[in-house]
Amino acid sequence: MTASVGPSVHGLGIDAESPAPATPRQPQAVDSKDQDKGRIIVGIDFGTTHSAIAWAHTATPDEYEVITQWPGQSGKDWGKVPSDISYNTGGRSPTPSAGSTDPETANPSPRNSGTLSPDSGPTVFKWGFEVPATDPQKLSWVKILLDPSQPRPTFVQPKKTTLPKGKTPVAIVTDYLSALRAYTLLMLERRLGAEVLGDTEVEYVLTVPAVWSDKARATTLEAAIAAGLGGKDNAGGLHLITEPEGAAEYALRSLRPNTLKEGDCFTVCDAGGGTVDLITYTISSLQPLQLQEVAVGTGALCGAVYLDRRFEDFVADKIGKDQFEAMDHRAKFQMKQYWETYMKREFSQKLPHEEEEDFSVPVMGIPDSEDGRVRGGFLRVSHAEVKEIFEPIVNQVLELLGAQVLQVLKAAQKPVGAILLVGGFGSSEYLYKRILTWSAGSIPVLQPRNAWTAVVRGAIIRGLQGDTVAARLSRRYYGVVHDARFDPQKHQEDEKCWHQLRCEWVVRNRVQWYIRRGDVTTSSRTLSFLFYRTIPAAEIIGDAHSLKTELWVCDEENAPDKRDPTVRKLCVMTSEPVPVHRFVKMRNERGEIFYRVDYSLDMTVTGGAVVYEMSMEKKGKKGMREKVGRVEVTYE
């Protein structure tokens, strides 16, 4: 089966067509009699190290709530829950309630109940705060396994992401999301009552990293659907948006009036646990809020966990690697807690006249050192040493910002008017001041309130108010690999080969790009790529035939027109069987019968996902097209 692009002697060819919400208050019970048409919006920020949930009822949209109490949690409220899970390999359970969502309650609503992903692996598990820090079966960083195209951090210990027998990354993420969903429904029942919950449609808005591949987003969607967050036939029940889009939705509405005006550009720097994502928008309208991307988003693996690793390496170097490895779990937990809750958050760039204070890191069980560095179970760490821990990671963030600002100047011919710093790492005082120093006062750096949970708060706003991003820029090239007719003006003589079916000289492995990096896409407009396929008669069995189309991508700044290692296959799209009578029967110069099929690949780019469909011209109705049933997308 040969995909063809460009004109040919037989007429076989391709046509390429190419106001701000109030401060969150405790949601009040809703009268079920008045809310038959209301909806509950649940935002889920599934993060590399921590996850967050927020919800709101459309009847009281300003009164949204971020969940701060979690199973297994002790002490103060916490805006996020660890993205950790631990399986009990000795038992099995068929329902999400077995995931220890709450020991007091079974499934809160049979209408919304689901089952864990069916596989041969263990299904009894603990999640979040329920997983002890010393649990040898604790799985962390599972999210990064959803996108193999992203480089895995070298410091991630294999045991942290070693999957139990019979479990896949999708299955584990499904289990974790199932637990989040079950606990959310439990909290909704407590806030609103079982009657309102049972009678109200629940919609989910799930965030994904902006740097993720299309395959990773599709895999996330698969896990979310399996977890009960939506279904293939319930497209309105589940939405994906990128994390920086969610952050932008919240951050803009949390700023003081007149901070930004129509026409201004601003860059969102979402510095989280694993990744730092940057994206720049221009404000096309304030009432209602409408944004447009003005530069291709960028990102890298330089989040807060890289600071954590550098801190641990520093401690190990100062007390000795053998002694560090010999520290018991409780001592390491205390050490990490001090770093996480105090040292990392409070560390800041000092002014020349300010005194630089030392930090005392608990290292219980470590004997006093001869140089006085360790005394009474505490390791003395200077301000300068902490700065050395931060600097390599912060410099990566500054490099990303510099490249983004230059890209905006080139693409939009205007400067960035502000940098919105959000995310857990974005709450860092040191990162904030370093960006201020880097910008030399030329670009305001704004840290919205609740920066750690800005993404999930923005997800709620998106679910309540709809898509505010009117135009996005493609992050990569999309196209097809094809056999092009040989042209002596463009091709080398030794490249040509004879096409048996088309009876002409062609050059193979040429790429027709339909979407280029930086092209504008909108969720309200479907991009249709018209092309055709020639099918030998011998391949047609029966009275219907499925159409298969390979989609190829390239992430380079300038993509080649000939397939090379930078051009990779993204997916294969397979349609439902199409009646053969809709194909055009043809005969070549040698009398061989084949079929020509004209159809289009229809692509819609939303905030966090790409939707693919196929359509054909209605028989006898020129210019009118209809979808070719379902399209199954198989990613490479």
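Here the sequence shown is numbered in full-length UniProt numbering, starting from 1 and rising by one per residue. Built from N, CA and C at the ideal position, the CB exists for glycine as well.
For F378, the enclosing beta strand (DSSP E) stretches over residues F378 to V381. Between A537 and M624, the alpha-carbon positions lie close to 27 Å from each other. Counting other Cβ atoms within 10 Å of its Cβ, I279 reaches 16 or more and is therefore classed as buried.
Around the C-beta of A52, 16 or more other C-beta atoms lie within 10 Å, and the residue is accordingly described as buried. H329 sits exposed, since fewer than 16 C-beta atoms from the chains shown fall within 10 Å of its C-beta. Note that the segment 450-461 does not touch the segment 505-525; fewer than 3 beta-carbon pairs, one per stretch, sit closer than 8 Å.
One Cα belongs to L379, the other to V363, and the distance between them is close to 6 Å. For H50, the beta-bridge partners assigned by DSSP are P82. Ranking G166, L206 and I172 by CA distance to the CA of K143 puts I172 first. Residue H581 holds the alpha-carbon nearest to the alpha-carbon of D598 among H581, A56 and L431. The C-alpha of K569 is placed about 21 Å away from the C-alpha of I535.
With a beta-carbon spacing of about 6 Å, E243 and D277 fall inside the 8 Å limit used to define contacts. Here DSSP, grouped into helix, strand and coil, assigns W498 to strand. Take V381, set aside five residues on each side of it, and the residues of its chain with a beta-carbon closer than 6 Å to its own are F359 and V361, in chain order.
Annotation: the segment 313-375 contains the following complete segments of the beta strand (DSSP E) (minimum length 3 residues), in chain order: 359-362. Within the same chain, and ignoring the five residues on either side of F594 in sequence, the residues whose Cβ sits closer than 7 Å to its Cβ are L501, T534, I535, P536, A537, M586 and N588. When the alpha-carbon of G463 is set against those of G79, H50 and A56, the nearest one is in A56. Taking C-alpha positions only, F486 is separated from D494 by approximately 11 Å. Residue environment analysis places K215 among the buried positions, since at least 16 neighbouring C-beta atoms fall within 10 angstroms of its C-beta. Judged by DSSP secondary structure, G297 falls outside any alpha helix (DSSP H) and instead within the beta strand (DSSP E) spanning L289 to A300. Straight across, the Cα-Cα distance linking R434 with A418 is about 15 Å.
For D598, the enclosing beta strand (DSSP E) covers residues I593 to V605. Per DSSP, the continuous beta strand (DSSP E) segment holding D277 begins and ends at V276 to L286. A straight-line Cα-Cα distance of about 55 Å links P367 and P415.
Below 8 Å, enough C-beta pairs join the segment 423-434 and the segment 268-275 to call them touching: three or more. Distance from the CA atom of G376 to the CA atom of G79, rounded to whole angstroms, is 34 Å. Proximity to V374 across R563, V66 and I319 peaks at I319, based on C-alpha coordinates. Between E632 and T566, the C-beta gap is not smaller than 8 Å, which leaves the two residues out of contact.
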